[in-house]
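*Asks:*
In this note's numbering, the protein residues as written are 43 to 213.
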C-alpha cells in the first residue's frame, strides 16, 4: 500500500472549485513559533491567499517556524505585522470571522461563512482582544462535546479553515 500523499493526490481530483472564494488567515500575537509554522502549512493546504501574524515585536525563532511549516515556509505568502497596521492589511472586500469562545458567538457548523473570509484566531493564552472580536462580521466557536473544552490554536484554525473550504469549494 502506497501512503505517499504527493502520489495519492496525483491520482485524486478533489473537485474543489474556489472560483471567487478567497481566504486570509490572521493569527493574533501567537507565542509559539511551532503554531505559526503549522498555520503557514495549513494555509498552504487550503489554498489561502496569505497568512498575517499580528505581533507585538517579540522575536520568534525562524528555524522553529520553518521546521513546522516545512516547504510551505517558502511557498506560502505570509508576513508579520504590528497591530497598528492590521486594518490596512485586510482588504475591505473580505468579511472578518473571529474564531473565539465569546458571548454571542455562533456554532461554526450552523453559520454560512463568507466566500471572501478573513479567519482570525487569538493567542494561545489570551485569545482575541474584545475590540477585534467586536470588529468582526461573524463570531463563531467550534463545538466540543467532549470534556476538554480547549483546542490548540493551530488545530482550531484547521477546523475553521477546512469548514470554510467545505462550504465554499465543495458545494
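All C-beta atoms, glycine included, are put in the ideal place defined by N, C-alpha and C.
1. In angstroms, rounded to a whole number, what distance separates the CA positions of residue 191 and residue 82?
2. Once DSSP output is grouped into helix, strand and coil, what is the label at residue 132?
3. Which runs of the alpha helix (DSSP H) spanning at least 4 residues fall entirely within the segment 82 to 130, listed in chain order?
4. Check whether the segment 128 to 141 touches the segment 103 to 113, taking contact to mean three or more Cβ pairs, one atom from each stretch, closer than 8 Å.
5. Using only alpha-carbon positions, find the residue among 71, 60 and 46 that is nearest to residue 125.
6. Determine the burial state of residue 180: buried for a count of at least 16 other Cβ atoms within 10 Å of its Cβ, exposed for fewer.
7. Can you tell me the Cα-Cα spacing of residue 212 and residue 204, whole angstroms?
8. Report buried or exposed for residue 142, applying the criterion of at least 16 other Cβ atoms within 10 angstroms of its Cβ.
9. Measuring CB to CB, does residue 170 end up less than 8 Å from residue 65?
10. Find the nearest neighbour of residue 187 within the set 91, 149 and 159, judged by alpha-carbon distance.
11. Indicate the three-state DSSP secondary structure (helix, strand or coil) for residue 54 in the structure shown.
12. In chain order, what residues of the same chain lie with their CB nearer than 7 Å to the CB of residue 112, ignoring the 5 residues before and after it?
13. Contact check, residue 140 vs residue 175 under 8 Å by CB: the rounded distance?
14. So residue 122 and residue 207 are in contact, right, with Cβ under 8 Å, and what is the actual spacing, rounded?
15. In or out: residue 116 buried (at least 16 other Cβ within 10 Å) or exposed?
16. Taking the beta strand (DSSP E) that residue 72 falls in, what are its first and last residues?
*Replies:* According to the structure shown:
1. 25 Å
2. coil
3. 104 to 111 and 114 to 117
4. no
5. 71
6. buried
7. 11 Å
8. buried
9. no
10. 149
11. coil
12. 83
13. 5 Å
14. Rounded, the Cβ-Cβ distance is 25 Å, inconsistent with contact.
15. exposed
16. It is not in any beta strand (DSSP E) - residue 72 carries neither H nor E in the DSSP assignment.
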